[in-house]
Structure formats: C-alpha cells, structure tokens
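2 protein chains.
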Amino acid sequence: MAEPRVPFDPQRFDWAGVERREYKPIPGAGGARGMGFSGVTRQTLARPDDLTAGYELRYFEFEPEGYSSLEKHRHSHFVVVLRGEGRALVDHEVVDCRPFDAVHVPPLTPHRWLNVGAGPFGFLCTVDGARDRPQPLDDGEWEALKADPATAPYVF
Amino acid sequence: MAEPRVPFDPQRFDWAGVERREYKPIPGAGGARGMGFSGVTRQTLARPDDLTAGYELRYFEFEPEGYSSLEKHRHSHFVVVLRGEGRALVDHEVVDCRPFDAVHVPPLTPHRWLNVGAGPFGFLCTVDGARDRPQPLDDGEWEALKADPATAPYVF
Numbered sequence: 002m003a004e005p006r007v008p009f010d011p012q013r014f015d016w017a018g019v020e021r022r023e024y025k026p027i028p029g030a031g032g033a034r035g036m037g038f039s040g041v042t043r044q045t046l047a048r049p050d051d052l053t054a055g056y057e058l059r060y061f062e063f064e065p066e067g068y069s070s071l072e073k074h075r076h077s078h079f080v081v082v083l084r085g086e087g088r089a090l091v092d093h094e095v096v097d098c099r100p101f102d103a104v105h106v107p108p109l110t111p112h113r114w115l116n117v118g119a120g121p122f123g124f125l126c127t128v129d130g131a132r133d134r135p136q137p138l139d140d141g142e143w144e145a146l147k148a149d150p151a152t153a154p155y156v157f
Numbered sequence: 002m003a004e005p006r007v008p009f010d011p012q013r014f015d016w017a018g019v020e021r022r023e024y025k026p027i028p029g030a031g032g033a034r035g036m037g038f039s040g041v042t043r044q045t046l047a048r049p050d051d052l053t054a055g056y057e058l059r060y061f062e063f064e065p066e067g068y069s070s071l072e073k074h075r076h077s078h079f080v081v082v083l084r085g086e087g088r089a090l091v092d093h094e095v096v097d098c099r100p101f102d103a104v105h106v107p108p109l110t111p112h113r114w115l116n117v118g119a120g121p122f123g124f125l126c127t128v129d130g131a132r133d134r135p136q137p138l139d140d141g142e143w144e145a146l147k148a149d150p151a152t153a154p155y156v157f
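If you want it as structure tokens, here you go:
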C-alpha cells in the first residue's frame, strides 16, 4: 500500500509529493472574453485514479491581487478556504470569505475568485472527476453583471 | 439562488446552518466487533442533493480521547485535517496527523481515527455520495492487527 499520509508543510504551504502547477494549462482559454487570470496556482491533492473514487480535490492559491477566470460550467464547485482573504463573484452575489468559510458554486453559475488580502489566499475545491470544461459567459450574463455596480468591477 | 457562502464561526468551530450530528445514527453498528466509537460528531457541509454533484463533504470532530469505529468499506476516504492532533490506523500503518495533513484510506482498508491531543481534533472528509455501508473487519484482518505490537492498541 502507498503511504496513506500526505504531510503538509506549513512553511511552504504545500503537500509532500504534490506538484504546484499553473492554474490552467492554456492561458486565458484561447483569449475568450473574461477568461484571463493572474497569479494562481493549483495543487491536486487527490484525483480519481489514485483514489478509486469519483471526485477530485484541489488546492488553489492566489497571490495578492491574483484572480481566476470569469467562467461557468455544468459541474459544481464546493470550496473551503484555508488561508487569507478572498472574494468571490457567484452569479450576481459578491461574497467575502476567510479561513474555513465554505462557498458553493452551483451548475452553470458565472463565477470568479479574487485575492483581496495582503497575503496569499487559498482554498480547497472539490469537483466531480468527470466534468465539463469551463466556458465563457454569454452576452446576456456579461451585460447584466456589467450593468450592476456591485458586480461590474469583477467583469473584465 | 441560495446564499452561496456558508460562513464559518471560529469560536464555535461550526458552519452557519449546518447541524452538528452524531457520528453514526446506530451506535456501534449493532454491537459488531470493533464498531464502537466515542466522542465524535459529524457536520455535513455538502451533499449531492444540494450540490448537483456526486460527492459529499463532511467535517468530523473528536473530543480528547475520542475515536471512531474500526471498519472498512469499498468507498475511499480522502481526509484533510483542520484542527488538533490525530492518529489514524490505516491498514497496518499508524499515522499521526496535524492541520492540513491529508490522509488517504483506499477501498476495503481497515481504519480507525483517534484524537491524541489535548483539544478537539477535526478533519474534512470527502466521499462519493453513492457508497456502501461500513463493515467490521474479518477474523484474519483482526488477528493480524492484534498480533502486531504497533497496531494492537487500536484493535478493540
């Protein structure tokens, strides 16, 4: 049996044997509107092949001022914050989150994550192993979020 | 849309609207060997009905000296510790774990969790929503773990 424990290093904020990767393999998903991102890394702690399970668990970390793509997809996210101060645009809501707050992103809901603190912001994110690719917002979604002063700053 | 944020209360160490429940509905699974437990609660943060997803995310917390059943099942566990000092018997390994350490329990692997610290010990545990029920160890597994001085203290 493989070693069951995956030790965490509090200084480096990473897990033994888990590689810190780019947030996405293709920057900006080919340049589609809203799909830009900055200062985000991904560590995949568990994926279905290793687990004999249907889910995948990732840790995403954002540098100060880092942000993820503004996107949607059929699969849900369920996030638990581990460090720092973040903000999420989820549909037409703007929610601030801190360690151990949970945030749920339902299917086909436009969302973007941002670091609004002075240090790193990071969260665990569980998803189904079999899932669809992120897609850009449609014109109606984009315009509605742009028209609302509360959400407009996050639509770019 | 339901409120996407599930706020965490650091004083109470719980999440708004999430009920703290008994570890298992049936104490000791009918009294089968090894299925006893003590001082454990469960908070289900996300289940498939809420999520439109196949996984479930729970937070388990152990009082000092608390422990879970010695059991196995076809589904995997993937655990990330949030607080305290714990120990896990996983197959014939005994692993100590602290905040943000991850522990993987593969299918049909005997396992038990114990709090070995002075304060509460708690972890997030992801599982597939559709999964089998825990079962006791068979005679061979029980005797092998009893015969090894490293694992014997956790076989009861």
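Note that the protein sequences, when read in sequence, are chains A and B. Numbers given in the working numbering equal positions in the first sequence, counted from 1, plus 1. Numbers given in the working numbering equal positions in the second sequence, counted from 1, plus 1. Positions of the beta carbon are idealized from the N, C-alpha and C atoms, including for glycine. Keep in mind it's a predicted model, so treat the numbers as computed, not measured.
What does residue i pair with, by DSSP beta-bridge criteria?
{"i": "E64 of chain A", "result": "According to DSSP, E64 of chain A bridges with nothing at all."}
{"i": "A47 of chain B", "result": "B:L58"}
{"i": "E23 of chain A", "result": "A:T42"}
{"i": "D15 of chain B", "result": "B:D10"}
{"i": "G87 of chain B", "result": "B:C98 and B:N116"}
{"i": "E72 of chain A", "result": "A:H112"}
Within 10 angstroms of the Cβ of residue i, are there 16 or more other Cβ atoms? Answer buried if so, exposed if not.
{"i": "A103 of chain A", "result": "buried"}
{"i": "D133 of chain B", "result": "exposed"}
{"i": "G120 of chain B", "result": "exposed"}
{"i": "E62 of chain B", "result": "buried"}
{"i": "F157 of chain A", "result": "exposed"}
{"i": "E20 of chain B", "result": "exposed"}
{"i": "E53 of chain A", "result": "A quick correction: the sequence has Thr, not Glu, at residue 53 of chain A. Burial call: exposed."}
{"i": "C10 of chain A", "result": "For the sequence presented, residue 10 of chain A should be read as Asp rather than Cys. D10 of chain A should be labelled exposed."}
{"i": "G85 of chain A", "result": "buried"}
{"i": "D50 of chain B", "result": "exposed"}
{"i": "P154 of chain B", "result": "exposed"}
{"i": "R22 of chain A", "result": "exposed"}
{"i": "R113 of chain B", "result": "buried"}
{"i": "E72 of chain B", "result": "buried"}
{"i": "R75 of chain B", "result": "exposed"}
{"i": "A89 of chain B", "result": "buried"}
{"i": "L32 of chain A", "result": "Rather than Leu, the amino acid found at residue 32 of chain A in this sequence is Gly. With fewer than 16 other Cβ atoms within 10 Å, it is exposed."}
For the alpha helix (DSSP H) holding residue i, just list the boundary residues, first then last.
{"i": "G141 of chain B", "result": "D140 to A148"}
{"i": "D92 of chain A", "result": "Here D92 of chain A belongs to no alpha helix (DSSP H), and DSSP marks it neither H nor E."}
Which two residues bound the contiguous beta strand (DSSP E) that contains residue i?
{"i": "D129 of chain B", "result": "F122 to D129"}
{"i": "R84 of chain A", "result": "H78 to R84"}
{"i": "H105 of chain B", "result": "A103 to V106"}
Notebook entry, point to check: Are there three or more Cβ pairs, one per stretch, closer than 8 Å when the stretch 122-138 of chain A is compared with the stretch 70-84 of chain A?
Noted result: yes
Next item on the list: Could you say if the stretch 85-93 of chain A and the stretch 136-154 of chain A meet the contact criterion of at least three C-beta pairs nearer than 8 Å?
Entry: yes
Next item on the list: Decide yes or no for the touch test of the stretch 31-49 of chain A against the stretch 57-74 of chain A: beta carbon pairs closer than 8 Å, at least 3 of them.
Entry: yes
Note to self: Using a Cβ distance threshold of 8 Å, determine whether the stretch 8-19 of chain B contacts the stretch 133-143 of chain A, with at least three qualifying pairs required.
What the structure shows: no
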